[in-house]
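Undergrad: Take a look at the following structure, please.
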Amino acid sequence: MVQQPARAATSLFNGGGDCDKMTGHYALVYVPKEDTVPMESGKTGDVVPQSAPDSHGQGLVKALPFAKSVGGMTAATVTAPLDVLKTRLQSDIYQAQLRANAKAVGPLNPMRAAVYHLTDTLRILGAVYRTEGARALFKGLGPNLGGVVPARSINFYVYGNGKRLISEHWNGGNEAPWVHMMAGMAAGIVTSTVTNPIWMVKTRLQLDRNVSEGGAGVMHRRYRNSYDCLKQITVHEGVRSLYRGMTASYLGVAESAMQWMLYEHLKAALVRREEGILRSGREKTLWDKSVDWTGKVGAAGGAKLVAAILAYPHEVARTRLRQAPMDNGRPKYSGLVQCFQLIWKEGGLMGLYGGLTPHLMRTVPSAAIMFGMYEGILRLFNTPA
Numbered sequence: 001m002v003q004q005p006a007r008a009a010t011s012l013f014n015g016g017g018d019c020d021k022m023t024g025h026y027a028l029v030y031v032p033k034e035d036t037v038p039m040e041s042g043k044t045g046d047v048v049p050q051s052a053p054d055s056h057g058q059g060l061v062k063a064l065p066f067a068k069s070v071g072g073m074t075a076a077t078v079t080a081p082l083d084v085l086k087t088r089l090q091s092d093i094y095q096a097q098l099r100a101n102a103k104a105v106g107p108l109n110p111m112r113a114a115v116y117h118l119t120d121t122l123r124i125l126g127a128v129y130r131t132e133g134a135r136a137l138f139k140g141l142g143p144n145l146g147g148v149v150p151a152r153s154i155n156f157y158v159y160g161n162g163k164r165l166i167s168e169h170w171n172g173g174n175e176a177p178w179v180h181m182m183a184g185m186a187a188g189i190v191t192s193t194v195t196n197p198i199w200m201v202k203t204r205l206q207l208d209r210n211v212s213e214g215g216a217g218v219m220h221r222r223y224r225n226s227y228d229c230l231k232q233i234t235v236h237e238g239v240r241s242l243y244r245g246m247t248a249s250y251l252g253v254a255e256s257a258m259q260w261m262l263y264e265h266l267k268a269a270l271v272r273r274e275e276g277i278l279r280s281g282r283e284k285t286l287w288d289k290s291v292d293w294t295g296k297v298g299a300a301g302g303a304k305l306v307a308a309i310l311a312y313p314h315e316v317a318r319t320r321l322r323q324a325p326m327d328n329g330r331p332k333y334s335g336l337v338q339c340f341q342l343i344w345k346e347g348g349l350m351g352l353y354g355g356l357t358p359h360l361m362r363t364v365p366s367a368a369i370m371f372g373m374y375e376g377i378l379r380l381f382n383t384p385a
């Protein structure tokens, strides 16, 4: 047994929706004694024959984790303001303001409503910058970056090995959509359970607005940094509070499962398309070459888009459950069912989908940044993707 780089996918895959970044990790892959080594493709995760390990292969082993880590962390940093905005819109901080604005404007046709919602969202982002400063747009970035490696490593390790074990023991070694779904659910549950405290701290920091006291212009925050946030939560609310929102995260397992299943289905369709071109014997057109380059990225993006829209309300519930207690020391949201009921009562469908716009705005550039950095670093190392 030797270690080879495991699947590198887009930043769009997550175990429960907490984090949209992808980093590198290793998985155990059996290496036979023949001259070829089955190895997972850095871009698709497909097992493809590679030449026996040499200096070029060693460069690939070193470059892949570095490329994925840098790509994921760069994407997290550049899109951090949208992450802060998404979290705040998921909470009840701006919901009253948004409802009042929508009521003042009145009913709009779908196109005008979409444009108005986008401009209103960007207006709030500008307000955060003006009232709290540029640093406020990067709140929670520390735990976000710190959680990238364990979250993605756990998610892809559990999914890859889970898919193999399930197919071998219960489906005769063959893959199927239900196998992908079960493996995706297992990956989501394990990842959510292990990393929940990290995202709890990240959410609290992002919701921690700077408050000016006495009109003196001096801004005060509830939490000074990640460590102070973790300390205050454990001392004043108990260790169990670090796992608030985990039940909502388990609902997000459906998103993870749908995402993996859709991605595998789209990836298989791309493989069939490639095989059809080879059988026909024709030369590839410019369109065919563009599909070769962007196909897997488009498959990942499409899978994430569909899964995120269908399963998005669980993210809103998770953020609300992680909010700091009210002034009386009691949390506003005491449980998952009560949380959904209160969100629906106060905001209806708009409340359940608060923050969806910046969430989707963040997903696309994050994926583009991730793959751009990934491909660029591999070329820098002169290694194939």
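In UniProt numbering, the protein residues as written are 1 to 385. Note that CB positions come from ideal geometry on N, CA and C, so glycine has one too.
Can you grab the Cα-Cα spacing for the pair V78 / T357, in whole Å?
TA: One-based indexing of the sequence shown puts residue 78 at position 78. One-based indexing of the sequence shown puts residue 357 at position 357. Approximately 17 Å between the Cα atoms of the pair.
Undergrad: Applying the 10 Å Cβ sphere with the 16-neighbour rule, what's the burial state of A300?
TA: For this step, residue 300 is matched to residue 300 along the sequence shown. It is buried - the Cβ of A300 has at least 16 other Cβ atoms within 10 Å.
Undergrad: For L336, count the other beta carbons within 10 Å of its own beta carbon; 16 or more makes it buried, fewer makes it exposed. Which is it?
TA: Residue numbering aside, residue 336 sits at position 336 when the sequence shown is read from its first letter. So L336 ends up on the buried side.
Undergrad: How far does the alpha helix (DSSP H) with S290 in it extend, from its first residue to its last?
TA: In the sequence shown, the residue the question calls residue 290 occupies position 290. Element bounds for S290: 286-311.
Undergrad: Is L207 near Q323, with beta carbons less than 8 Å apart?
TA: The residue labelled residue 207 in the question sits at position 207 within the sequence shown. The residue labelled residue 323 in the question sits at position 323 within the sequence shown. Their beta carbons are under 8 Å apart, which means L207 touches Q323 by this criterion.
Undergrad: Could you tell me if M73 is buried or exposed, where buried requires 16 or more neighbouring beta carbons within 10 angstroms of its beta carbon?
TA: Counted from its first residue, the sequence shown places residue 73 at position 73. Burial call: buried.
Undergrad: Since S192 is in the alpha helix (DSSP H), which residue starts that stretch and which ends it?
TA: Your numbering for residue 192 matches position 192 in the sequence shown. That run of the alpha helix (DSSP H) goes 177-207.
Undergrad: Would you mind stating whether T191 and M246 have Cβ atoms separated by less than 8 Å?
TA: Here the question's residue 191 lines up with position 191 in the sequence shown. Here the question's residue 246 lines up with position 246 in the sequence shown. Not closer than 8 Å, so no.
Undergrad: Are the Cβ atoms of F156 and A80 separated by less than 8 Å?
TA: The count along the sequence shown starts at 1 and reaches residue 156 at position 156. The count along the sequence shown starts at 1 and reaches residue 80 at position 80. Against a cut-off of 8 Å, the Cβ pair of A80 and F156 comes out as no contact.
Undergrad: To the nearest angstrom, how far is it from the Cα of W170 to the Cα of A257?
TA: Stepping through the sequence shown from its first residue, residue 170 is reached at position 170. Stepping through the sequence shown from its first residue, residue 257 is reached at position 257. W170 and A257: Cα-Cα distance of roughly 18 Å.
Undergrad: Alpha carbons only, please: which of L310, N328, L342 is nearest the one belonging to L321?
TA: By one-based count along the sequence shown, residue 321 stands at place 321. With distances taken between Cα atoms, L321 lies closest to L342.
Undergrad: So, is the C-beta of V239 closer than 8 Å to a C-beta in chain D?
TA: Absent from the structure: chain D. Only one protein chain is present.
Undergrad: In this structure, does DSSP put M350 in helix, strand or coil?
TA: As a working mapping, residue 350 is identified with position 350 in the sequence shown. Looking at M350 - three-state DSSP - the assignment turns out to be helix.
Undergrad: Confirm, please, whether the CB-CB distance from A311 to L360 is below 8 Å.
TA: Here the question's residue 360 lines up with position 360 in the sequence shown. Here the question's residue 311 lines up with position 311 in the sequence shown. Cβ distance not < 8 Å, so L360 and A311 don't count as in contact.
Undergrad: Could you check whether the segment 141-156 touches the segment 117-133, counting it as contact only if at least three pairs of C-beta atoms, one from each stretch, sit closer than 8 Å?
TA: As far as the Cβ criterion goes, the segment 141-156 does not touch the segment 117-133, which means the pair count is below three.
Undergrad: Look up I93 in the DSSP assignment and say whether it is helix, strand or coil.
TA: The residue given as residue 93 occupies position 93 in the sequence shown. Coil, per DSSP.
Undergrad: Beta-carbon within less than 6 Å of L251's beta-carbon, same chain only, minus the 5 sequence neighbours each way: which residues are those?
TA: In the sequence shown, the residue the question calls residue 251 occupies position 251. Only H314 meet the Cβ criterion.
Undergrad: Should G347 be counted as a contact of the ligand GDP given a C-beta to heavy atom distance under 7 Å?
TA: The ligand GDP is not among the ligands present in this structure, which contains no ligands whatsoever.
Undergrad: Which same chain residues, not among the five before or five after W260, have their C-beta less than 6 Å away from its C-beta?
TA: Residue mapping note: residue 260 aligns to position 260 of the sequence shown, counting from 1. Cβ neighbours of W260 beyond the five flanking positions: H180, G184.
Undergrad: What residues in its chain sit with their C-beta under 6 Å from that of Y295, if we drop five residues either side in the sequence?
TA: Within the sequence shown, residue 295 is the residue found at index 295, counting from 1. Inspection of the sequence shows that residue 295 is occupied by Gly rather than by Tyr. Contacts found: L270.
Undergrad: Could you give the first and the last residue of the continuous alpha helix (DSSP H) run that contains A257?
TA: Position 257 of the sequence shown, counted from the start, is the residue given in the question as residue 257. From DSSP, the alpha helix (DSSP H) with A257 extends over 253-280.
Undergrad: Let me know the secondary structure DSSP gives E283 once reduced to three states.
TA: Position 283 of the sequence shown, counted from the first residue, corresponds to residue 283. E283: coil per DSSP, three-state reduction.
Undergrad: Kindly indicate the opening and closing residues of the alpha helix (DSSP H) around P110.
TA: Walking along the sequence shown from the start, residue 110 turns up at place 110. Element bounds for P110: 110-132.
Undergrad: Mapping the DSSP letters down to three states, classify F381 as helix, strand or coil.
TA: Here residue 381 refers to the residue found at position 381 when the sequence shown is read from its first residue. In this structure, F381 counts as coil in the three-state DSSP scheme.
Undergrad: Could you give the distance in angstroms between the alpha-carbon of P325 and the alpha-carbon of T363?
TA: To locate residue 325, count along the sequence shown from 1; it is residue 325. To locate residue 363, count along the sequence shown from 1; it is residue 363. C-alpha separation (whole angstroms): 30 Å.
Undergrad: Here's a check: name, in chain order, each residue in its chain whose Cβ is nearer than 6 Å to the Cβ of G142, leaving out the five neighbours to either side.
TA: Taking the sequence shown and counting its residues from 1, the one referred to as residue 142 is at position 142. Same-chain partners within the cutoff: S226.
Undergrad: If you compare alpha carbons, which of G140, A102, W293 is closest to M350?
TA: Taking the sequence shown and counting its residues from 1, the one referred to as residue 350 is at position 350. Minimum Cα distance to M350 is reached at A102.
Undergrad: Taking the alpha-carbon positions, what's the D120 to A100 distance?
TA: Against the sequence shown, residue 120 aligns to sequence position 120. Against the sequence shown, residue 100 aligns to sequence position 100. The alpha-carbon atoms of D120 and A100 are separated by roughly 12 Å.
Undergrad: Kindly indicate which three-state DSSP category P358 falls into: helix, strand or coil?
TA: Sequence index remark: in the sequence shown, residue 358 carries index 358 (1-based). Helix at P358.
Undergrad: Determine the closest residue to I277 out of A268, G238, D288, with distance taken between C-alpha atoms.
TA: Residue numbering aside, residue 277 sits at position 277 when the sequence shown is read from its first letter. For I277, the nearest C-alpha among the options comes from D288.
Undergrad: With DSSP as the reference, label M73 as helix, strand or coil.
TA: Here residue 73 refers to the residue found at position 73 when the sequence shown is read from its first residue. Three-state result, M73: helix.
Undergrad: With H, G and I counted as helix, E and B as strand and the rest as coil, what does DSSP make of G147?
TA: For the purposes of this step, residue 147 is taken as the residue at position 147 of the sequence shown. It is helical.
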